[in-house]
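*Asks:* So that we are looking at the same thing, I have put the structure below in structure tokens.
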Amino acid sequence: MSKGWVHQKTGLAFGEGYYFDSLERRNRDLMIAAFLDEAFPRYRIHNLESNLVVLRHYDPSCLYVGGIQPNLIFGMLLGADFVPYTHQDADISEPPLANLSSIADLPDPHSFLEAPLIRRWLREIELLRKTESDAVIPPFFWDTGGRATIHGCITTALKLFGQGILLAIYDNPQLLVSFYRWYADACVLLVRAFAHSAGITIRSLHVGECSGTMLGPRDYRQHLVAPTEALARRIAPLRLHHCGNCTHLLNEIARIGGLESLDTGSGTSVREIRNVFGPQFAIDLMPPVELLIEGAECRAVADWVDAVLEENSGGPLGLNYHLEPGYDEYAHLQLHETLYAKGLLRPGRV
């Protein structure tokens with residue numbers, strides 16, 4: 028669920044302390060967990076960072092150090108200010124690379140290990156592991172299961188350069204190739220450093236290529252397949268996330284070596300995923316947003332579940348959603364109730 032939804036329902040605010048004080052964050056997360064336990068006793072609705080957390084490895088009593096979206100961490104390392112909104116998800120002040128003229132002007136990725144922000148987090152992790160009994164979750168991780176999380180190449184480029192970087196796909200493709208290589212080096216160094224500091228074994232890698240569906244098949248193949256595969260090869264087997272409908276990209280996505288699961292939504296054809304990847308490929312799916320906003324018909328949610336289950340043909344499938352202000356809670360609960368009625372899920376919090 029979004030910070031905006033939590034704020035709207037509970038009045039809780041999310042300031043700088045939430046993101047930079049692990050003990051304050053734990054207290055706030057436990058308050059949110061208690062609210063959800065009372066408000067939704069029949070439903071698996073939890074305060075999870077969108078698409079990143081494995082519920083069976085999540086505990087609100089964990090201590091999050093640098094629990095900030097990965098591309099925002101890179102933004103801060105490159106000079107942007109962190110903007111911790113009290114009533115919605117955090118952001119950065121500006122694209123820090125908007126005026127970059129050459130990839131050669133980027134800092135050496137190894138220098139990030141000596142950056143004040145990174146040193147501060149590494150020291151905090153070391154201290155908490157000595158003084159606290161609860162698990163410590165470092166930057167680039169969101170639960171105790173060992174799945175590292177980063178944003179994808181084009182999504183990160185858009186955040187750090189701004190929307191104008193899309194023109195480089197055609198005007199200066201070598202700029203993007205060089206940036207992706209630099210970005211991969213930085214990800215490998217930081218993910219490994221924080222995993223080591225927290226005593227975590229890296230078991231998988233979530234790559235949030237949120238903006239990938241903006242590309243056509245040819246551009247996706249030319250610009251994203253190789254660098255995404257390189258991330259999987261250098262860090263861990265891959266769980267790939269795409270916002271929106273990625274049906275038109277499935278054949279290109281299948282070219283990515285090391286891909287083990289796909290997290291997608293908003294109309295992506297489950298039948299086509301099965302046709303391309305086979306019956307045992309793991310899928311996580313979000314309902315189309317038009318089924319979840321205020322005014323949506325709950326019968327449409329049940330119809331969508333029926334269609335998805337038919338197309339899936341019994342393969343490994345997870346259904347999830349992200350509560351936002353303005354969404355219809357009842358439509359979300361209808362998703363649970365439909366699965367309960369089919370005997371596929373039992374009512375409860377876990």
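Residues in the sequence shown are numbered from 28 upward in steps of one, following the working numbering. Ideal placement from N, C-alpha and C gives every residue a C-beta, glycine not left out.
Report the rounded CA-to-CA distance for E236 versus L267, giving the unit in angstroms.
*Replies:* As a position in the sequence shown, residue 236 is number 209, starting the count at 1. As a position in the sequence shown, residue 267 is number 240, starting the count at 1. Near 7 Å, if we compare the C-alpha coordinates of L267 and E236.
*Asks:* Which residues does DSSP list as the beta-bridge partners of T291?
*Replies:* As a working mapping, residue 291 is identified with position 264 in the sequence shown. Bridge pairing for T291: L312 [DSSP].
*Asks:* Once the 5 residues before and after F206 are set aside, which same chain residues still bring their CB inside 7 Å of it?
*Replies:* Here the question's residue 206 lines up with position 179 in the sequence shown. Within the same chain, F206 has close Cβ partners I130 and A184.
*Asks:* With DSSP run on the structure shown, which of helix, strand or coil describes V92?
*Replies:* For the purposes of this step, residue 92 is taken as residue 65 along the sequence shown, with counting starting at 1. Note: V92 maps to coil in three-state DSSP.
*Asks:* Let me know the secondary structure DSSP gives F109 once reduced to three states.
*Replies:* Translated into positions along the sequence shown, residue 109 becomes position 82. The answer is strand: DSSP assigns F109 an E or B state.
*Asks:* Output the boundary residues of the beta strand (DSSP E) element that contains V303.
*Replies:* For the purposes of this step, residue 303 is taken as residue 276 along the sequence shown, with counting starting at 1. From DSSP, V303 is part of no beta strand (DSSP E) but of the alpha helix (DSSP H) over V297 to F304.
*Asks:* Using beta-carbon positions only, say whether H363 and M28 come within less than 8 Å of one another.
*Replies:* Position 336 of the sequence shown holds residue 363. Position 1 of the sequence shown holds residue 28. No, Cβ-Cβ distance for H363 and M28 is not below 8 Å.
*Asks:* Can you tell me which of S231, P374 and D246 puts its alpha carbon nearest to the alpha carbon of L194?
*Replies:* Taking the sequence shown and counting its residues from 1, one reaches residue 194 at position 167. Of the candidates S231, P374 and D246, the one whose C-alpha sits nearest the C-alpha of L194 is D246.
*Asks:* A281 lies in the beta strand (DSSP E); which residues open and close that run?
*Replies:* As a working mapping, residue 281 is identified with position 254 in the sequence shown. Here A281 belongs to no beta strand (DSSP E), and DSSP marks it neither H nor E.
*Asks:* Measuring alpha carbon to alpha carbon, tell me which residue in E317, L344 and L346 is nearest Y354.
*Replies:* Along the sequence shown, read from residue 1 onward, the residue named residue 354 stands at position 327. Checking every option, the nearest Cα to that of Y354 belongs to E317.
*Asks:* Could you tell me which of A125, M103 and C180 sits nearest to A117, measuring between CA atoms?
*Replies:* Residue numbering aside, residue 117 sits at position 90 when the sequence shown is read from its first letter. Sorting A125, M103 and C180 by C-alpha distance to the C-alpha of A117 places M103 at the top.
*Asks:* Where does S120 land, buried or exposed, given buried means 16+ other C-beta within 10 angstroms?
*Replies:* By one-based count along the sequence shown, residue 120 stands at place 93. Of the other Cβ atoms in all chains shown, fewer than 16 fall within 10 Å of the Cβ of S120; this residue is therefore exposed.
*Asks:* Indicate the three-state DSSP secondary structure (helix, strand or coil) for V377 in the structure shown.
*Replies:* Here residue 377 refers to the residue found at position 350 of the sequence shown. V377: coil per DSSP, three-state reduction.
*Asks:* Name, in chain order, the residues that DSSP records as bridge partners for V234.
*Replies:* Locating residue 234 in the sequence shown gives position 207, where the first residue counts as 1. Here V234 is bridged, per DSSP, to I177 and L267.
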